[in-house]
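I have placed the structure first, in the form of structure tokens, so that the comments after it can refer back to it.
Protein chains in written order, with full-length UniProt numbering: chain P, 1 to 606; chain H, 1 to 606.
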């Protein structure tokens, strides 16, 4: 099916919006009246510009407060409509959206509404225009699609049909199966938007919090399926009012939108992009740093050994158990400080994962390849982090052959002599990536749709200087966990040197691991004594247990499934490490302790 | 009555919060548990720090999910409470807040709640602590203050009373007169917060959108009056959860908070600061600019003449009708571009206005005075704009004497030879001031409380790159109008060189004025042709009228009271001018046309 996007969903001038929509691969646009009114281009010029970009203009919107009004009011409305139909002819668009009236003059009279819409459709037909009537969820008398359809049916004019808007329908909790009773050729248009579930006035909810399908909680795919079953074959069009998209770069938003639409089509069974490939573990985490003087001692103190060096690039492999960290000193001058730049995901099908990513408009990175190197498929996430789809050959810990004939990425590394001194770390538990301020939903959809991870619930974390939002995504068995975080304000964007990222390392016995780390010279984040007083008030501990935590600076959490112990290193550059032990089936990230951690990090930074 | 503020209302570390509260003149604080837990200072150190700052610790908060639970759960709760009571003794605070339970284990059994609260109060009393029980608006079984009071009454323990929270009470629309039935000495605490009226889930509403009294829509003063009539004589304490305050500078927020509390006390009849002095007009608008090369020709083309020069400073007075603009070239190097820096308000009592401003913590500016100068009282608004309280001597238009013995500010100016060439401007209609991102509510309260203006409704304006919020404040007859605006993101802060400010100039005949302005060389903002097509669709005009608007770039609006015609100059530095004609009783600012104006300004800036 053809894809379309409303200009109101993108920021900038109309020209910028058209360009962004075309570049992201949309087939058409809905033009919002304000965008046209504010444009220095005349309707004919806009029509040409769209055609040059390969875009059709699928809808002009909206006309409001037309129907079920007194005769003199309706006469004025027809006059207005005539102006707009003329404009549409110049613009080359054949369908106009008419929203159900919110006018105080509108009366609750379906027969009058039908009669006036019939007359409007007649006028439209003369200009070659079709009228798509849509029930606003807050329409004065008409607020459900069933009601709008009854009126359209009664009006009985070939130039009159309905427009279905997923937000207006799903926000009211309407049953979408009724859509199948509408003849497909009378559904003139389908507008799609998702939204997070909110107990908010529906008008405010709609105007400020719509998002692209898959980024909210509404079953947009179910509605699309119903419309398709009804026989609808017009465009799938995104119409999203969102305060964030109004500010974000139009090109970026359009790509996010188009990705969302592909995933929606996949959910609705309309397209079949390459199947998702769920990663099975972390192959590596890469830290870029101009020199290793600061980070190498830190890794050593955490029990890592430098086991191998890349055959062609200044990249060292550090290992402990199944935890692998690459230190890349080929950073250019713009990243002097250690920062987390890439994540290797263990993939059962790297080529398949890359193909899916590409079909979902993820920027595919040039393969990093030197003569003899294993090719590595990689894409860039919305925050700029590079994700590599990898196969790691066993065995680990520097015992590899360096045989260039092997399939895994480790084949490119030549072992270096080293003396392992592990402290009990078994693997990477999770990585925590700070997202650009405006792009949290985009990131979540990316991690779900492109990387095949399952998003968990979003939580708010109280920092001394604002609320942070955090949302994890993981595979089913928890061997890949990525915590996406977003700062309290745009000034905390990663690009502006905002909040640090971190790598959490798993151990089966945190107390022993921490003792060894401290003995090896690790500097851990100090935890205030008040925290342990609070912990003592909340939980009972075995004799000596709490004292051990206090002594070592270990944080503690408990839920119905198990226990969580964790602690943090101090921050180096833009990176810090967390050491974690998961007891029982604890599936969280110690969110309860985040305020204490954040306060301690601020205190140390001062 | 004593004043207090909850630490959760301010950003930063506990130390920063205590310092900010003390500096703003609060008598005490409520300490929020998270602030203490995350602090590197122990309870005794916090107690000392507060005492050094002259602050009492009036409340420790909160304890949750205590009452009406099964026996084993309650035993755990008492254990937790015992820990916290010990902590409170170390902290030196005598009252603890207990919120009505939201626990899934809580049962709907008032007798059990009363019995358990009685036991809790007994335990508290042993530690010298009183328990203030508060109904959360979303409490599982207890959600109204009347219900909380019934349980407290039944529990019948001297160490148990109620805490009244204006948000929880008013958000539910409860009748506050019932408060007067509670004996004053059983009201242990009074927490005050306002909030904008929102149809939002009350928990989300409370957590993110509370604001200081007078910044929202709740009748907080009415509740305070009821509590005082009941005999309450404890602190008036602000407890505001707000996403903005979490990020804003604590010192600034504390001043805003303290100002709000003074205005609340005034509304409730508890204090009488110097009475408000409502301004009666604009005395002048001051534009600072390193040199006048860009702005002087623009003023000339708008029909202004340089009529006088200040006797001791590089400040020129430009006049037309009753519109007066000061060009100040004594700007220092940090403001090379023309920017709107000061507004002179015609005041019936400048000294009284300044006294009120000072009592409301407005930063009073050093009087600008040279030998022989009239002293001018001035304060700084939250956005940095300087407001002068003035008396302007007549007659205008450069006919003044320069006599140093006169009372008005114009006495300091010496007339300069000039040839008036007015284009029909009669006076300043309004000034539009861009506010810092986080400080819109603070600004509104300032303009109301300190300057004595009446705030109008807030409107959203669609800019191509985000929604702007705008809210006007005016005196009764509309001779002083200030439009406060805020950009779509923090990057649009005035301090960061964000959106321009503007001065709107009134004329009785815009068409004639614009023709003269154009003839004199004014450059006006071009308006897209599409705008006039849209206007033609919406309104009927006299023959030729629309064509005139189109020719001259005049925007048009109409409401039930009258008509509004306006147009804009291009922007110079950080300032542009608007020319407006108000027909009939039109009382707005042409918000409907703002998207077109904003799009045109963006187009021109590119």
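Ideal placement from N, C-alpha and C gives every residue a C-beta, glycine not left out.
Keep in mind the model is a prediction, meaning the values are calculated, not measured.
Beta-carbon spacing of residue i, residue j below 7 Å
i, j, result
"residue 255 of chain P", "residue 362 of chain P", "no"
"residue 164 of chain H", "residue 145 of chain H", "yes"
"residue 268 of chain P", "residue 225 of chain P", "yes"
"residue 43 of chain H", "residue 99 of chain H", "no"
"residue 607 of chain H", "residue 510 of chain H", "Outside the shown range of chain H (1 to 606) lies residue 607 of chain H, about which nothing can therefore be said."
"residue 230 of chain H", "residue 180 of chain H", "yes"
"residue 528 of chain H", "residue 603 of chain P", "no"
"residue 188 of chain P", "residue 95 of chain P", "yes"
"residue 438 of chain P", "residue 244 of chain P", "yes"
"residue 625 of chain H", "residue 238 of chain H", "Beyond the ends of chain H as shown, which are 1 and 606, falls residue 625 of chain H; an answer cannot be given."
"residue 308 of chain P", "residue 390 of chain P", "no"
"residue 426 of chain H", "residue 321 of chain H", "yes"
"residue 580 of chain P", "residue 393 of chain P", "no"
"residue 262 of chain H", "residue 360 of chain H", "yes"
"residue 57 of chain H", "residue 31 of chain H", "yes"
"residue 607 of chain H", "residue 338 of chain H", "Since the displayed chain H opens at 1 and closes at 606, residue 607 of chain H lies outside it and no answer follows."
"residue 2 of chain P", "residue 196 of chain P", "no"
Where residue i sits in the DSSP three-state scheme
i, result
"residue 305 of chain H", "strand"
"residue 13 of chain H", "coil"
"residue 249 of chain H", "coil"
"residue 593 of chain H", "helix"
"residue 325 of chain H", "strand"
"residue 165 of chain P", "strand"
"residue 391 of chain H", "coil"
"residue 43 of chain P", "helix"
"residue 415 of chain P", "strand"
"residue 187 of chain H", "strand"
"residue 317 of chain H", "strand"
"residue 352 of chain H", "helix"
"residue 365 of chain H", "coil"
"residue 178 of chain P", "helix"
"residue 208 of chain P", "helix"
"residue 231 of chain P", "coil"
Distance cut-off 6 Å: residue i Cβ against heavy atoms of the ligand PLP
i, result
"residue 257 of chain P", "In the structure shown, the ligand PLP is absent, as is every other ligand, since no ligand is present at all."
- the UniProt domain "VOC" (427-582) of chain H: which residues have C-beta closer than 7 Å to a C-beta of chain P, in chain order? So the close ones are 462, 464, 465, 466, 467, 488, 489, 490, 491, 528, 529, 530, 531, 533, 534, 536, 537 and 538.
- At 3 residues or longer, and completely inside the segment 57-141 of chain P: list those beta strand (DSSP E) runs for me, N to C. Taking only runs of at least 3 residues, the beta strand (DSSP E) segments lying wholly in the segment 57-141 of chain P are 95-99 and 130-134.
- Stretch-stretch touch, CB-based, cutoff 8 Å, three pairs: the segment 526-536 of chain H with the segment 461-474 of chain H: By the Cβ test, the segment 526-536 of chain H is not in contact with the segment 461-474 of chain H, since fewer than three Cβ pairs between them sit closer than 8 Å.
- Query: Pairing CB atoms from the segment 251-265 of chain H with CB atoms from the segment 17-31 of chain H, are three or more of them under 8 Å?
  - Reply: The answer is yes - the segment 17-31 of chain H touches the segment 251-265 of chain H, with three or more Cβ pairs under 8 Å.
- Scan the segment 80-101 of chain P for residues whose Cβ lies nearer than 9 Å to a Cβ of chain H and list them as they occur along the chain. So the list reads 80, 81, 82, 83, 84, 86 and 87, given in the order they occur along the chain.
- Query: So, do the segment 348-361 of chain H and the segment 302-318 of chain H have three or more beta carbon pairs nearer to each other than 8 Å?
  - Reply: Segments in contact, no.
- Message: Three or more C-beta pairs under 8 Å: does that hold for the segment 481-488 of chain H against the segment 285-299 of chain H?
- Response: The segment 481-488 of chain H vs the segment 285-299 of chain H: no contact.
- Which ranges does the alpha helix (DSSP H) cover as unbroken runs of at least 4 residues, wholly within the segment 236-300 of chain P, from first to last along the chain? DSSP runs (the alpha helix (DSSP H)) wholly in the segment 236-300 of chain P: 250-267.
- Message: Runs of 4 residues minimum, wholly inside the UniProt domain "VOC" (427-582) of chain P: which ones carry the alpha helix (DSSP H) assignment?
- Response: Counting only runs of 4+ residues, the alpha helix (DSSP H) found wholly inside the UniProt domain "VOC" (427-582) of chain P occupies 440-449, 510-519, 529-538 and 545-552, in chain order.
- Taking a cut of 7 Å between CB atoms, which residues from the segment 258-289 of chain P lie near chain H? Residues: none.
- Task: Taking 8 Å as the threshold, find out whether the segment 147-157 of chain P comes into contact with the segment 112-129 of chain P through three or more Cβ pairs.
- Result: Between the segment 147-157 of chain P and the segment 112-129 of chain P there are three or more C-beta pairs closer than 8 Å, enough to call the two in contact.
- Cβ contact (3+ pairs, closer than 8 Å) linking the segment 309-324 of chain H and the segment 405-424 of chain H: Below 8 Å, enough C-beta pairs join the segment 309-324 of chain H and the segment 405-424 of chain H to call them touching: three or more.
- Chain-ordered residues of the segment 117-129 of chain P with a beta carbon less than 9 Å from chain H: Shown here is that no member of the segment 117-129 of chain P has a Cβ falling below 9 Å from a Cβ of chain H.
- Task: Output, in sequence order along the chain, the residues in the segment 29-40 of chain P whose CB is closer than 8 Å to any CB in chain H.
- Result: If the cut-off is 8 Å between Cβ atoms, the segment 29-40 of chain P has 33, 34, 36, 37, 38, 39 and 40 near chain H.
- Item | Under 9 Å (Cβ pairs) to chain P, residues found in the segment 171-201 of chain H | Taking 9 Å as the Cβ-Cβ cut-off against chain P, the residues of the segment 171-201 of chain H that qualify are 198, 199, 200 and 201.
- Message: Tell me which residues of the segment 305-330 of chain H have at least one Cβ-Cβ distance to chain P shorter than 7 Å, keeping chain order.
- Response: Under the 7 Å Cβ criterion, the segment 305-330 of chain H contributes no residue.
- Please name the residues in the segment 231-252 of chain P whose beta-carbon is closer than 8 Å to at least one beta-carbon of chain H, in chain order. Residues of the segment 231-252 of chain P with a Cβ closer than 8 Å to any Cβ of chain H, in chain order: 243, 246 and 247.
- Where the segment 40-51 of chain H meets chain P: residues whose CB sits under 7 Å from a CB there: Those would be 40 and 42, in chain order.
- Any 3 or more C-beta pairs closer than 8 Å across the segment 7-19 of chain H and the segment 580-589 of chain P: With a cut-off of 8 Å on Cβ pairs, the segment 7-19 of chain H is not in contact with the segment 580-589 of chain P, counting fewer than three such pairs.
- Return the residues of the segment 8-21 of chain H that lie within a Cβ-Cβ distance of less than 7 Å from chain P, sorted by chain order. 11, 12 and 13: these are the residues of the segment 8-21 of chain H whose beta carbon lies less than 7 Å from some beta carbon of chain P, given in chain order.
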